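S.K.: Residue numbers (my numbering), protein chains in the order written: chain R, 224 to 335; chain C, 209 to 323.
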């Protein structure tokens, strides 16, 4: 089976812009979670989607949003980018029975 | 709320030596526990997990971990380290909420391997 794929792998944006990141889960996985990784805060949970519905949400401002499509692919959007949004954004998929999350390679976002 | 502590930020071991990475967690119920490894510029790879049953769990790449409820610990071990094991290791606790699994990670331990 192909693993979790994320696009793009690298992105440079300017403060105030918005960005959309994409994640394709492992075939058959219906749960997709997003995490932010920064040197200062470490790995933090953003949100989880299952069957096109947000099932869980972490403690991030409303500028961070996401959605999931009927084929389980997911996107996350960050509006009005701030310098502090520079991070590695990781997507993970799960089959929801084994509760094991498999991670993609991440998207490295740099905000200048 | 759950939390995970990895007391050692950096560890250096010689190739061929044994390894133990420490992990302590705080969680109100029986936890789901995981160890992940991250190589530079890469995502996280699942090494092993504990859900229930035998408290000594075996993972990939020769790693094992032992769940000790009395100590709230889930330490990762490997009997003989290889140079390719140099990476960052993350312990995580999974909280089931709304039938979903949210991971809370420790701060990570960076492992360096001396030749």
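Heads up, the beta-carbon is just placed ideally off N, CA and C, and yes, glycines get one too. Only a predicted model underlies this, so the values are computations on that prediction, with no experimental measurement involved.
Return no unless some Cβ of chain A is closer than 9 Å to the Cβ of residue 265/R.
M.R.: Looking for chain A here will not work: the only protein chains present are R and C.
S.K.: Please determine, among 307/R, 318/R, 329/R, 324/R, the residue with the shortest C-alpha to C-alpha distance to residue 284/R.
M.R.: Minimum Cα distance to residue 284/R is reached at 307/R.
S.K.: With distance defined between alpha-carbon atoms, name the residue in 322/C, 242/C, 213/C nearest to residue 291/C.
M.R.: Closest by alpha carbon: 322/C.
S.K.: Closer than 8 Å by beta-carbon distance: list the chain C residues that pair up with residue 282/R, in chain order.
M.R.: Near residue 282/R there are no residues of chain C at all, since even the closest Cβ is about 10 Å away, more than 8 Å.
S.K.: Using a 10 Å radius around the Cβ and a threshold of 16 neighbouring Cβ atoms, would you call residue 239/C buried or exposed?
M.R.: Looking at its Cβ environment, which holds 16 or more other Cβ atoms inside 10 Å, residue 239/C is buried.
S.K.: Out of curiosity, what's the CA-to-CA distance linking residue 302/C and residue 279/R?
M.R.: The straight-line gap from Cα to Cα measures roughly 13 Å.
S.K.: Less than 8 Å separating the Cβ of residue 301/C from some heavy atom of the ligand GDP?
M.R.: Questions concerning the ligand GDP fall outside what the structure shown contains, since it holds no ligand whatsoever.
S.K.: Throw me the rounded Cβ distance for the residue 255/C and residue 269/C pair, which I believe falls under 8 Å.
M.R.: Contact holds; Cβ gap of about 7 Å.
S.K.: Answer yes or no: does any C-beta atom of chain C fall closer than 9 Å to that of residue 313/R?
M.R.: Interface residue, yes.
S.K.: Taking all protein chains shown into account, decide if residue 320/C is buried (16 or more other Cβ within 10 angstroms of its Cβ) or exposed.
M.R.: Under this definition residue 320/C is an exposed residue.
S.K.: Counting Cβ pairs closer than 8 Å, one from the segment 258-272 of chain R and one from the segment 303-319 of chain R, do we hit at least three?
M.R.: Touching, per the Cβ criterion.
S.K.: Could you check the C-alpha separation between residue 323/R and residue 317/R for me, to the nearest Å?
M.R.: One C-alpha to the other measures close to 6 Å.
S.K.: What residues from chain R crowd round residue 298/C, counting only those whose CB sits closer than 9 Å?
M.R.: 265, 266, listed in chain order.
S.K.: Show which residues of chain R have a CB atom less than 7 Å away from the CB atom of residue 309/C.
M.R.: By Cβ distance, chain R contributes 317, 322, 324.
S.K.: By DSSP, does residue 210/C sit in helix, in strand, or in coil?
M.R.: Coil, per DSSP.
S.K.: Please classify residue 229/C as buried or exposed, where buried requires at least 16 other C-beta atoms within 10 Å of its C-beta.
M.R.: Buried, since its Cβ has 16 or more Cβ neighbours within 10 Å.
S.K.: Quick check on residue 302/C - is its C-beta less than 9 Å from some C-beta in chain R?
M.R.: By this cut-off, residue 302/C is an interface position.
S.K.: With which residues is residue 314/R paired in a DSSP beta bridge?
M.R.: BP columns for residue 314/R point to 257/R.
S.K.: Helix or strand or just coil, what does DSSP make of residue 290/R?
M.R.: Reduced to three states, the DSSP call for residue 290/R is strand.
S.K.: Which stretch, first to last residue, makes up the beta strand (DSSP E) that contains residue 230/R?
M.R.: Residue 230/R -> beta strand (DSSP E) spans 228-230.
S.K.: Any idea if residue 273/R is buried or exposed, counting beta-carbon neighbours within 10 angstroms, 16 or more meaning buried?
M.R.: Residue 273/R should be labelled buried.
S.K.: What separation, rounded to the nearest whole angstrom, lies between the Cα atoms of residue 216/C and residue 282/C?
M.R.: Going from the Cα of residue 216/C to the Cα of residue 282/C covers about 14 Å.
S.K.: Our contact map puts residue 269/R next to residue 332/R with C-beta atoms below 8 Å; I'd like the distance itself, whole angstroms only.
M.R.: Residue 269/R to residue 332/R, Cβ: 13 Å. No contact.
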